[in-house]
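First to last, the protein sequences are chains A and B.
For any residue, its number in this note's numbering is found by taking its place in the first sequence, counting from 1, and adding 19.
For any residue, its number in this note's numbering is found by taking its place in the second sequence, counting from 1, and adding 77.
Don't be surprised by glycine CBs; every beta carbon is placed ideally from N, CA and C.
Please read these numbers as outputs of a predicted model, since none were measured by experiment.
To keep things clear, I will list the structure first and then write my remarks on it.
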Amino acid sequence: MTVAVHDSHILEGVPRSRSVFQRNLNLIRELSITAFKLKYTGSALGYVWSLVKPLMLFGIMLLVFSILLKAGLGQWEFPIQLLVAIVAWTFFTEATTNAMNAIAGSGDLIRKAYFPRWILVASSMTSALLTFTINTALVLIVTFALGQLDLTWLSLLAILYYLELVVLILGLSLLLSSLFVFFRDLGHIWEIVSLVLFYGSAVVIPFQTVWDHSKKLAYLAGVNPIAQIITDLRHVLIDPAKVRSMASFIGPLEVVPILLTIGIFLLGFAVFHRLTPRFAESL
Amino acid sequence: MKPVVEVSNLRKRFRLPLDRSTTLKYRVTHWRSASRYRDLIALRDISFDVPAGQFLGVAGPNGCGKSTLLKILCRIYEADSGYARVNGEFSAFLELGVGFNPELTARENVFLGGAMLGLTRAQLRGKIDEVFAFAELEDFAEQKLKNFSSGMQVRLAFSVAILAETDLLVMDEVLAVGDASFQEKCFDTFSRYKREGKTIVLVSHDLGALEEYCDRVLLLNRGEIIADGPAAEVTSTYHRMIADHALAAERDMPQELRRADPTQWGSRAIELVSLSLLDAGGRSTSRFDTGSAMTLDMHVLAHSEVGDFVCGLAIRRADGMLLAGTNTFLDHVTVTSHAPGESISIRYAIDSLPLLAGGYIIQVVLQDVTGSHRYDFADPAATFHINNMGGHIGIVEMHGRWQVAQEQDVRSSAIPQTAG
């Protein structure tokens with residue numbers, strides 16, 4: 020008896036890349052592309068929704084503050100301040116909310132396949148970052164075209180502040196994603212904390228307004244990283260002459276939010292590292 | 078040369094919480110008792126090495142720790158103490174298609190599944206046609222996975238799983254996937270791995286597959302290695318273990334319980350009252366040797382007059398595989414019940430048991446001559462054990478004879494022939 024051998028009968032293996040870094044990077048890319056794709060397939064407007072949501076928030080806040088409350092915010096370029104803040108804030112909430120479920124929602128993967136677990140957090144963050152990057156680019160292009168932005172060499176500092184935001188979110192994501200596996204109340208707690216942060220970080224009002232209202236309150240709000248990042252982003256992007264930086268308000272205390280960001284990142288890293296071996300058994 | 082797998086003094090304990098305390102309210106209100114749990118020791122003290130090129134099987138009853146061992150090898154679980162080290166690249170087949178997404182097309186899933194294995198998009202691009210050809214899914218590359226039949230999904234998953242070149246393959250009972258023709262491809266792939274000297278660790282309940290493919294089998298029970306050796310030896314130990322277990326269970330079972338056993342069903346118009354296994358001397362026993370005589374001595378009680386009926390019996394291996402079966406109808410023997418309350422003795426004599434070492438189960442069925450109505454079904458009616466005498470392997474004794482004829486030629490003439 021002769022056995023016919025098709026060429027489709029044998030599938031030779033491909034050698035894997037030696038570099039673990041490259042493998043991990045590739046996995047992050049594939050996972051975040053998948054998440055990004057899945058989020059927008061099937062809906063008619065697709066990606067447009069990611070733009071509509073922050074714009075809606077922007078529109079409502081603009082209406083409430085500048086028209087209904089007649090807060091006299093005009094002198095600090097209120098609309099553009101609001102827009103820069105809301106895009107950054109949307110990234111923050113979307114990324115942390117996604118991250119909450121990054122581990123707990125991947126039980127099947129974690130129980131049945133091995134890969135470094137932080138990749139799940141990194142890829143959930145990356146897909147939020149992708150949305151954020153596109154939105155930021157769009158907002159910057161449109162507002163720059165409208166003459167709302169006064170871009171100078173100083174504006175390049177924005178990259179550093181965005182980086183600070185990413186580090187902060189990464190730290191929080193590591194912390195939230197790992198703790199949520201063992202402690203499901205965290206989802207609700209985080210919603211409340213987010214709400215407090217939203218109003219406590221002067222997202223919807225210029226920091227100057229808080230400062231003029233109460234110095235004590237301004238110091239309290241100013242040491243939180245979100246307020247500092249948003250205020251400094253406004254400073255370097257909009258008009259350094261008109262919109263003050265955080266350092267100009269709280270002085271050397273500006274290091275506090277930066278240290279806090281680094282602290283949260285290190286804490287998140289440590290907690291995640293500590294809890295990783297227990298994920299597979301607990302999910 | 079370093080062994081591919083080194084496992085040393087591996088221990089693993091699971092803490093199963095008695096109450097699930099994952100909410101804040103619970104933690105606060107039960108803070109004193111928050112640490113209530115039950116310990117489950119999955120692995121007690123496991124040590125073994127797997128040299129390069131070995132095909133190692135891991136067997137054992139459910140809950141023996143084999144899956145835990147596999148998951149520690151694949152770094153999914155962390156050991157409490159001791160270590161499991163893999164020297165080289167490994168691929169784990171704990172389940173096929175892990176990470177696949179039904180909303181993506183087959184092609185996108187290949188990239189995703191490949192990335193899980195550590196392959197990049199660039200590496201996969203040149204390979205993707207081959208993958209679809211191997212999976213026999215050339216025309217479906219752009220279809221969403223959710224529109225695939227389960228067979229197609231499994232074919233794709235298997236093809237992706239073997240995509241990465243690897244030193245060690247860790248598999249958990251995925252041998253039988255897809256339809257018969259694809260199964261053959263899977264087995265061909267495993268045979269190829271074996272030829273190429275890849276190291277494989279396979280966990281399976283299928284003792285036949287273990288015996289066929291493995292060089293060596295570990296038998297686990299309650300988190301300990303209780304046997305470690307050539308496949309044939311260890312699987313026969315396992316058969317014995319199962320049979321002993323079944324016997325122990327039967328001894329412990331009170332007479333009344335056995336009657337109420339749900340595995341004995343049928344209308345009970347006639348009933349199997351007892352079955353004894355007799356050896357050549359007529360003594361009741363459950364241990365036999367290969368080639369010895371065995372007589373099944375059955376007592377049947379008729380509760381009503383049913384006329385002619387059929388008595389059938391089947392012998393199965395401990396894992397359920399049917400080895401032999403017959404009935405009175407097939408063998409042209411008539412059994413009749415004439416009146417209620419009548420006791421009938423039926424004997425089936427086997428002159429020479431053709432079975433090799435292991436545990437076996439006997440099932441007895443009583444039914445009407447058309448086979449449509451069942452009176453009684455005893456499963457198992459009895460269990461027995463064939464003693465290990467060493468020598469032949471497998472399930473059945475072939476009773477074959479060797480014949481060797483040697484022709485005188487240049488080479489063999491140098492060796493002096495001694496006539497027996």
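Measuring CB atoms only, is the region 92 to 112 of chain A touching the region 219 to 233 of chain A, in the sense that at least three cross pairs come out at less than 8 Å?
In this structure the region 92 to 112 of chain A lies against the region 219 to 233 of chain A, because at least three pairs of beta carbons, one per stretch, are closer than 8 Å.
Using only the alpha-carbon positions, how far apart do A/W230 and A/S51 sit?
In the first sequence, counting from the first residue as 1, residue 230 of chain A sits at position 211. In the first sequence, counting from the first residue as 1, residue 51 of chain A sits at position 32. Near 40 Å, if we compare the C-alpha coordinates of A/S51 and A/W230.
Just list the beta strand (DSSP E) runs in the region 106 to 167 of chain B, keeping only unbroken ones of 3 residues or longer that don't cross its boundaries, in chain order.
As far as the region 106 to 167 of chain B is concerned, its whole beta strand (DSSP E) runs of at least 3 residues are 114 to 127, 132 to 136, 158 to 163.
So that I know if they touch, is there some Cβ in chain C lying closer than 8 Å to that of B/C263?
Annotation note: the requested chain C is absent from the structure, which comprises protein chains A and B.
C-beta atoms of B/L120 and B/K89 nearer than 8 Å:
Taking the first residue of the second sequence as 1, we reach residue 120 of chain B at position 43. Taking the first residue of the second sequence as 1, we reach residue 89 of chain B at position 12. Contact check for B/L120 against B/K89 passes: the beta carbons are separated by less than 8 Å.
Would B/K79 and B/N164 be called neighbours here (beta carbons separated by less than 8 Å)?
One-based indexing of the second sequence puts residue 79 of chain B at position 2. One-based indexing of the second sequence puts residue 164 of chain B at position 87. Yes, these two residues count as a Cβ contact at 8 Å.
How about the region 104 to 122 of chain A and the region 208 to 217 of chain A: do they share at least three Cβ pairs that are nearer than 8 Å?
Taking one beta carbon from each stretch, the region 104 to 122 of chain A and the region 208 to 217 of chain A have 3 or more pairs nearer than 8 Å; the two touch.
Beta-carbon within less than 7 Å of B/S313's beta-carbon, same chain only, minus the 5 sequence neighbours each way: which residues are those?
As a first step, residue 313 of chain B must be located in the second sequence, where it is residue number 236. Excluding residues within five positions, the ones whose Cβ falls inside 7 Å are A434, G435, N465.
Contact criterion: CB-CB distance below 8 Å. Does B/R424 meet it with respect to chain A?
For the purposes of this step, residue 424 of chain B is identified with residue 347 of the second sequence, where counting begins at 1. So no, B/R424 is outside the interface.
Straight-line CA distance for B/D453 to B/G174?
As a first step, residue 453 of chain B must be located in the second sequence, where it is residue number 376. As a first step, residue 174 of chain B must be located in the second sequence, where it is residue number 97. Distance between the alpha carbons of B/D453 and B/G174: 45 Å.
Give the DSSP bridge partners of B/H462, in chain order.
Position 385 of the second sequence, counted from the start, is the residue given in the question as residue 462 of chain B. The beta-bridge partner set that DSSP reports for B/H462 consists of B/R364, B/G436.
Compile a chain-ordered list of the residues in the region 156 to 180 of chain B whose CB is closer than 7 Å to at least one CB of chain A.
Flagged, chain order: E166, A169, L171, E172, V175, G176, N178, E180.
Quick one: does A/T53 have its CB under 8 Å from some CB of chain B?
Locating residue 53 of chain A in the first sequence gives position 34, counting from the first residue. Closer than 8 Å: yes.
When DSSP builds the beta bridges, which residues end up paired with B/M371?
Stepping through the second sequence from its first residue, residue 371 of chain B is reached at position 294. B/M371 is bridged to B/I427.
Going along the region 200 to 216 of chain B in order, which residues come within less than 8 Å of chain A, judged by CB to CB distance?
Shown in chain order are the members of the region 200 to 216 of chain B whose Cβ falls below 8 Å from a Cβ of chain A: Q200, L201, K204, E207, V208, A210, F211, E213.
Mind listing the chain A neighbours of B/R198? Cutoff is C-beta to C-beta under 9 Å, in chain order.
For the purposes of this step, residue 198 of chain B is taken as residue 121 along the second sequence, with counting starting at 1. N45, R48, E49, listed in chain order.
Chain A contact for B/Y114 (CB, 8 Å cutoff):
Here residue 114 of chain B corresponds to residue number 37 of the second sequence, with the count starting at 1. False, the Cβ-Cβ gap to chain A never drops below 8 Å.
Contact check, A/T250 vs A/M265, beta carbons under 8 Å
Here residue 250 of chain A corresponds to residue number 231 of the first sequence, with the count starting at 1. Here residue 265 of chain A corresponds to residue number 246 of the first sequence, with the count starting at 1. In contact: A/T250 and A/M265 (Cβ atoms closer than 8 Å).
How many angstroms separate the CA atom of B/N224 from the CA atom of B/L181?
To locate residue 224 of chain B, count along the second sequence from 1; it is residue 147. To locate residue 181 of chain B, count along the second sequence from 1; it is residue 104. Rounded to whole angstroms, B/N224 to B/L181 spans 10 Å at the Cα level.
With burial defined as no fewer than 16 other Cβ atoms inside 10 Å of the residue's Cβ, what is the status of B/R328: buried or exposed?
Residue 328 of chain B sits at position 251 when you count from the first residue of the second sequence. Residue confidence is low: B/R328 scores 49 on pLDDT, short of 50, so the model does not pin down where it sits. Its coordinate-derived value is still stated next. Looking at its Cβ environment, which holds fewer than 16 other Cβ atoms inside 10 Å, B/R328 is exposed.
What residues match up with B/G389 in a beta bridge as DSSP calls it?
For the purposes of this step, residue 389 of chain B is taken as the residue at position 312 of the second sequence. Looking at the DSSP assignment, B/G389 forms a beta bridge with B/N404, B/V442.
Would you mind telling me which residues of chain A sit closer than 7 Å to B/C151, beta carbon to beta carbon, in chain order?
Start at 1 with the first residue of the second sequence, and residue 151 of chain B comes out as number 74. Ordered by position in chain A, the residues that pass the 7 Å Cβ test against B/C151 are Y133.
How do the region 390 to 401 of chain B and the region 357 to 366 of chain B stand: do at least 3 beta-carbon pairs fall below 8 Å, yes or no?
Between the region 390 to 401 of chain B and the region 357 to 366 of chain B, the count of C-beta pairs closer than 8 Å stays below three; the two stretches do not touch.
Please tell me whether B/I239 has its Cβ less than 8 Å away from any Cβ of chain A.
Taking the second sequence and counting its residues from 1, one reaches residue 239 of chain B at position 162. It does; some Cβ of chain A falls within 8 Å.
Distance, Cα to Cα, A/S197 vs B/T145?
Along the first sequence, read from residue 1 onward, the residue named residue 197 of chain A stands at position 178. Along the second sequence, read from residue 1 onward, the residue named residue 145 of chain B stands at position 68. Their Cα atoms are separated by approximately 22 Å.
Would you call the region 198 to 209 of chain A in contact with the region 168 to 186 of chain A, where contact means no fewer than 3 C-beta pairs closer than 8 Å?
Judged by Cβ distances under 8 Å, the region 198 to 209 of chain A makes no contact with the region 168 to 186 of chain A, as fewer than three pairs qualify.
Use the C-beta contact count for A/F151: other C-beta atoms within 10 angstroms, 16 or more gives buried, fewer gives exposed.
As a first step, residue 151 of chain A is located in the first sequence; it is residue number 132 there, counting from the start. With 16 or more other Cβ atoms within 10 Å, it is buried.
Short Cβ contact (8 Å threshold) for B/A161 with B/L87
Residue 161 of chain B sits at position 84 when you count from the first residue of the second sequence. Residue 87 of chain B sits at position 10 when you count from the first residue of the second sequence. For the pair B/A161 and B/L87, the CB atoms are nearer than the 8 Å cut-off.
Contacting residues, own chain, Cβ-Cβ under 6 Å from B/S353 (five flanking each side not counted):
The sequence position of residue 353 of chain B within the second sequence is 276, counting from 1. Excluding residues within five positions, the ones whose Cβ falls inside 6 Å are S361, D374.
Please classify B/L407 as buried or exposed, where buried requires at least 16 neighbouring CB atoms within 10 angstroms.
Walking along the second sequence from the start, residue 407 of chain B turns up at place 330. So B/L407 ends up on the exposed side.
Relative to the alpha-carbon of B/A308, which residue among B/R152, B/R232, B/G471 has its alpha-carbon at the smallest distance?
Here residue 308 of chain B refers to the residue found at position 231 of the second sequence. Nearest neighbour of B/A308 by Cα position, chosen from B/R152, B/R232, B/G471, turns out to be B/G471.
Could you tell me if B/S414 is buried or exposed, where buried requires 16 or more neighbouring beta carbons within 10 angstroms of its beta carbon?
In the second sequence, the residue the question calls residue 414 of chain B occupies position 337. Buried.
Three-state secondary structure (DSSP) of A/F77:
As a working mapping, residue 77 of chain A is identified with position 58 in the first sequence. In this structure, A/F77 counts as helix in the three-state DSSP scheme.
Following the continuous alpha helix (DSSP H) through A/I281, name the residue where it begins and the one where it ends.
To locate residue 281 of chain A, count along the first sequence from 1; it is residue 262. Element bounds for A/I281: 274 to 301.
Let me check one thing: in DSSP terms, what residues is B/V175 bridge-paired to?
Sequence index remark: in the second sequence, residue 175 of chain B carries index 98 (1-based). In DSSP, B/V175 forms no bridge with anything.
Please tell me whether B/T243 has its Cβ less than 8 Å away from any Cβ of chain A.
Walking along the second sequence from the start, residue 243 of chain B turns up at place 166. Yes, because at least one Cβ of chain A sits closer than 8 Å to the Cβ of B/T243.
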